Amino acid sequence: IATFSNALQAIDFLKSREVDIIFLDIHLPKLSGLDFLKTLNNPPAVILTTAFPDYALESYEFNVADYLLKPFSFDRFVKAVLKVPSLKTEKAYKSEAGKYRREIFIKSGYEYVKIPVGDIFYINSDQDYTEVVVPGKKHLASEPLRYWEETLDPERFARVHKSYIVNAVHIRKVSGSQITMTDGTEIPIGRAYKEDFVNKFIH
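In this note's numbering, the protein residues as written are 871 to 1073.
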């Protein structure tokens, strides 16, 4: 919604406007990109775009979403943007923070494993248990799919099939009646769920 050649102009703009993502260069006149970040008390998602790799480690101290090293491909740009939750989902998640859980515990043997809700790709029902899929791992849970529907934020998670709930943040693309997640998993969309899913997350 706006572009600035120096950070001081951006600071003035942000005093009266709220934004979702800042694409930020590091080498800027008057005030560097990283010094600019230090001035923001509650910054939006930030993706650094720079020709200098030397600052990559330091930049992550500011909890940036990604670090794009120029020149970067369009594919790399898309991957960076996909790391940022959508406006609708993120604002709903913040407003409902007291109602929906940020973390869940899943029983694993004699232990309970804590999982950040945002890490969940999808949940799959398989007869007497459900599989909660996170990066690189699947956790078996005894709770039915209905339990997860009632426990997880409906602005972030969607029932798309009688056997699947997906985290909309981790959807890469939707093609016809099939969802491709960011980990490459392909999930069918059931006819009974398609209209609600499309209206809520795509339109």
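Where a beta carbon is used, it is the ideal one built from N, C-alpha and C, also for glycine.
Since the model is a prediction, treat every value here as computed from it, not as a measurement.
Could you give the DSSP three-state label for residue i: helix, strand or coil?
| i | result |
| --- | --- |
| V938 | Rather than Val, the amino acid found at residue 938 in this sequence is Leu. Correct three-state label for L938: strand. |
| K1064 | helix |
| L858 | Because the chain in this structure spans residues 871 to 1073, residue 858 falls outside the shown range and cannot be described. |
| V878 | Here residue 878 is Leu; the residue named in the question, Val, does not match the sequence. Residue state, collapsed to three classes: helix. |
| K908 | helix |
| K953 | coil |
| P899 | coil |
| K977 | strand |
| P913 | coil |
I believe residue i touches residue j by the beta-carbon criterion, under 8 Å. Please report the beta-carbon distance rounded to the nearest angstrom.
| i | j | result |
| --- | --- | --- |
| R972 | T1021 | So it is not a contact: roughly 12 Å between Cβ atoms. |
| T873 | D895 | Not confirmed; about 11 Å, so no contact. |
| L918 | L901 | The Cβ separation is near 15 Å, so there is no contact. |
| H867 | P1058 | Given a span of 871 to 1073 for the chain in the structure shown, any question on residue 867 remains unanswerable. |
| E1001 | I990 | E1001 to I990, Cβ: 11 Å. No contact. |
| R1081 | T1052 | This structure cannot speak to residue 1081, because the chain is shown only from 871 to 1073. |
| I976 | V983 | 5 Å |
| I1035 | L1015 | 6 Å |
| V1070 | A1011 | One point to set straight first is that residue 1070 is Lys, not Val, in the sequence displayed. Going by Cβ atoms, the distance from K1070 to A1011 rounds to 25 Å, so no, they are not a contact pair. |
Rank the options by C-alpha distance to the C-alpha of residue i and give the top, closest one.
| i | options | result |
| --- | --- | --- |
| P941 | F922, V983, V1039 | F922 |
| E1019 | V1004, P913, D989, N1037 | N1037 |
| F906 | L884, V1044, Y980 | L884 |
| I891 | A877, N876, V934, T909 | V934 |
| P914 | V954, Y1017, V983 | V954 |
| N912 | D936, P899, R887 | R887 |
| L878 | A1011, I871, L898 | L898 |
| G1006 | T1055, D1066, F944 | T1055 |
Please find out if some non-hydrogen atom of the ligand ATP comes closer than 8 Å to the beta-carbon of residue i.
| i | result |
| --- | --- |
| L1015 | This structure simply doesn't include the ligand ATP, nor any ligand for that matter. |
- Message: If we require 3 or more residues per run, which beta strand (DSSP E) segments fall completely within the stretch 979–1056?
- Response: 981–986, 992–996, 999–1004, 1007–1011, 1027–1031, 1034–1037, 1041–1045, 1048–1051
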